[in-house]
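Quick notes on the structure that follows.
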Amino acid sequence: MRSQSAARRTPGATQRRRRAARRRSGRKARRRTSKRRGAEEEERAKRRERSESAKKRREREEADSKRKRTEREKEDDEDERERRKREREKEEAAKRKQVEEDRRKFEEELQRKRDAKRKEEEERKKSEAEKRDSEAKKKRDEEAEKKKEEDEKKKAQDEKQAKELSAAEEMQRATLVILRLLQQLSNATPENFEDLKKELADAMDKELPKTGHQMDTLKGEADRVLAYSTGVRQADRRATREDRENPTRGAG
Numbered sequence: 030m031r032s033q034s035a036a037r038r039t040p041g042a043t044q045r046r047r048r049a050a051r052r053r054s055g056r057k058a059r060r061r062t063s064k065r066r067g068a069e070e071e072e073r074a075k076r077r078e079r080s081e082s083a084k085k086r087r088e089r090e091e092a093d094s095k096r097k098r099t100e101r102e103k104e105d106d107e108d109e110r111e112r113r114k115r116e117r118e119k120e121e122a123a124k125r126k127q128v129e130e131d132r133r134k135f136e137e138e139l140q141r142k143r144d145a146k147r148k149e150e151e152e153r154k155k156s157e158a159e160k161r162d163s164e165a166k167k168k169r170d171e172e173a174e175k176k177k178e179e180d181e182k183k184k185a186q187d188e189k190q191a192k193e194l195s196a197a198e199e200m201q202r203a204t205l206v207i208l209r210l211l212q213q214l215s216n217a218t219p220e221n222f223e224d225l226k227k228e229l230a231d232a233m234d235k236e237l238p239k240t241g242h243q244m245d246t247l248k249g250e251a252d253r254v255l256a257y258s259t260g261v262r263q264a265d266r267r268a269t270r271e272d273r274e275n276p277t278r279g280a281g
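Following the numbering used here from start to finish, the sequence shown increments by one per residue and tops out at 281.
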C-alpha cells in the first residue's frame, strides 16, 4: 500500500490521476450536462407541448370566443337591426304623428283664420247692412216726413179747396135758392104769393149770408122783385076791388 501510495505520489501518476479525475469529472459533468440538457430538452418539449396545448386551447378558446362573438354579433346585429328597425318605425311614426300634428295645427290655424275672416266679413256686412238700414230708415223717415208734410200740405190745400169749393157750392146753392124763389115770386099767383113771400123772407134770412159777394146784388134783386110782385099784387087787388064795385065795367 505504501508502494502504491508512493507511486501515486509520483508526478506522472498525479497528473494521470488528475487527468482521470478531470475526465471523470468531465464525464460526470457531461452526463450532468447531458442529463440537464435532456431534462431541459424534456422540459422544453413539455413546455412546447404545454405551449402548443395552451396555444391550441387558446386557439380553440379564441375560435369559440370568435364563434360566440360572431354569433353574439350576429344576434346583436339582428337585435340591432330589429332595434334600429323599431327605432326607425318609431321615428317614422313620430314623424308621421308630428306631420299629422303640424297638419292639424296648420288646418286649425287656417280654419281659425278663415273663421276670423268670415266673422270679420260678417261683421263688415252686418255693419254695412246696419248702415244701409240706418240710411234707408233715415231716408224713409225723411221721405215719410216729407210725405207727411206734403200730405198735410195737400190735405190743407184739399181742405182749403174743399172749403173753397164747398163755400162756392154753398154760395151757388144759396144763390140758386134765392133766384128760384125770386123767379117763383115773379110768377106768383094770388093764391101762393103770400107763401112765396114768406118763403123768400126765410131764405133771405137763412141763405142770403151764404151768397158771398153776390149778397148785395141778390138783396137788391130781391127788393126789386118783391116790390114788383107787391105792386103787381096791389094792382090786382085794386082791379079786383074795382070789378066788384063796378060789375058792369068788368062785363064791358
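Backbone N, C-alpha and C fix where the C-beta goes; we use that ideal spot for every residue, glycine too.
- A straight line joining the alpha-carbon of residue 204 with that of residue 239 spans about 8 Å.
- Residue 214 sits close to residue 225, with the two beta carbons spaced by under 7 Å.
- Assigned with DSSP and collapsed to three states, residue 238 falls in helix.
- Residue 128 counts as exposed, since fewer than 16 other C-beta atoms from the protein chains shown sit within 10 angstroms of its C-beta.
- Straight through space, the alpha carbons of residue 154 and residue 160 are spaced by roughly 9 Å.
- Residue state for residue 217 is assigned as coil, using DSSP reduced to three classes.
- Linking residue 266 to residue 185 through their CA atoms gives a straight-line distance of about 57 Å.
- One Cα belongs to residue 211, the other to residue 228, and the distance between them is close to 10 Å.
- Taking residue 262 as the centre and dropping the five residues before and after it, the same chain places the C-beta of 222 closer than 6 Å to its C-beta, in chain order.
- Residue 232 is positioned such that its CB atom lies no closer than 7 Å to that of residue 254.
- For residue 263, the enclosing alpha helix (DSSP H) covers residues 244 to 274.
- Residue 143 and residue 151 have their alpha carbons spaced roughly 12 Å apart.
- Residue environment for residue 251: buried (at least 16 other C-beta atoms within 10 angstroms of its C-beta).
- Within the stretch 37 to 89, not a single complete alpha helix (DSSP H) segment reaches 4 residues in length.
- For residue 237, the number of other beta carbons within 10 angstroms of its own is at least 16, and it is reported as buried.
- Residue 249 places its beta carbon 7 Å or farther from that of residue 200.
- In this structure, the alpha-carbon of residue 95 lies about 49 Å from that of residue 131.
- Inclusion of residue 217 and residue 258 in the CB contact set at 7 Å is warranted, their separation being smaller than that value.
- The straight-line gap separating the alpha-carbon atoms of residue 172 and residue 187 is approximately 21 Å.
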